[in-house]
Amino acid sequence: MEQLDLTPWRCPEPLIRLKLWLRQARPGQSVCIQLGDAGSRQDIPTYLRRQGHHVQTREESAARLSLLLVVARPPRDALLAPEPMPPTP
Numbered sequence: 000m001e002q003l004d005l006t007p008w009r010c011p012e013p014l015i016r017l018k019l020w021l022r023q024a025r026p027g028q029s030v031c032i033q034l035g036d037a038g039s040r041q042d043i044p045t046y047l048r049r050q051g052h053h054v055q056t057r058e059e060s061a062a063r064l065s066l067l068l069v070v071a072r073p074p075r076d077a078l079l080a081p082e083p084m085p086p087t088p
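In numbering that gives the first Met the number 0, the protein residues as written are 0 to 88.
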């Protein structure tokens with residue numbers, strides 16, 4: 000299983016890195032996320048659930064949170080590339 004270790008960073012960096020990872024994620028893809036920052040441990044599970052993803056706590060301690068994320072669909076706030084304009088005659 001893919002691992003996403005976000006423990007070296009403090010809020011908001013873990014959320015930014017997670018959003019970048021989600022942009023390339025496919026529905027049904029799963030990843031184990033490691034969080035160390037107190038703010039991130041609180042905010043990221045809430046953010047993921049609000050985005051419609053399945054989140055399960057795997058392990059929790061005073062210093063670390065391990066989550067299992069299953070991607071439900073592309074995140075709502077992902078930037079979408081504009082569709083190209085058809086050529087004009």
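For every residue, glycine included, the Cβ atom is placed at its ideal position computed from N, Cα and C. All values reported here derive from a predicted model rather than from experimental measurement.
- Selection Arg-16, Ala-71 and Pro-86 evaluated against Gln-33 yields Arg-16 as nearest (Cα-Cα).
- The bridge partners DSSP lists for Cys-31 are Gln-2 and Leu-67.
- In the displayed model, Gln-50 falls within coil according to three-state DSSP, outside both helix and strand.
- According to DSSP, Gln-55 shares a beta bridge with Leu-67.
- A Cβ-Cβ separation of about 5 Å places Leu-3 in contact with Val-30 under the 8 Å criterion.
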